[in-house]
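What follows is a short report on a single structure.
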Amino acid sequence: MYIGDSMEDLLMTKAAGKSKNQKYIFAGIYGSSRSERNKIKLFKDNKADIIISNINDIPELFSE
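Residue numbers (the working numbering): 4 to 67.
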């Protein structure tokens with residue numbers, strides 16, 4: 004899993020997966036953005052695996 008807050012982070016994760024013929028999960032963080040709505044849309048449009056507001060929400064994803 005790679006956690007990032009930019010489109011560059013998402014693209015890097017996808018490229019790493021292709022170069023190694025593997026799938027990496029990308030978690031996009033939008034809470035630090037000036038425009039949270041735009042960041043969420045950007046991550047959705049580019050098929051981020053997980054979209055969350057804050058990195059501190061990560062443990063909650065794995066607790067169930």
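C-beta: ideal position from N, C-alpha, C; glycine also. From a predicted model like this one, the values you see are computed outputs, not experimental measurements.
As DSSP reads the structure, Phe29 sits in a beta bridge with Tyr5. Ranked by Cα distance from Leu13, the first of Arg37, Ser38, Lys42 is Lys42. Looking from the CA of Ile6, the closest CA among Lys44, Lys21, Ile28 belongs to Ile28.
Under the 10 Å beta carbon count, Ala51 is surrounded by 16 or more other beta carbons and is classified as buried.
A direct Cα-Cα distance of roughly 15 Å separates Met4 from Asn59.
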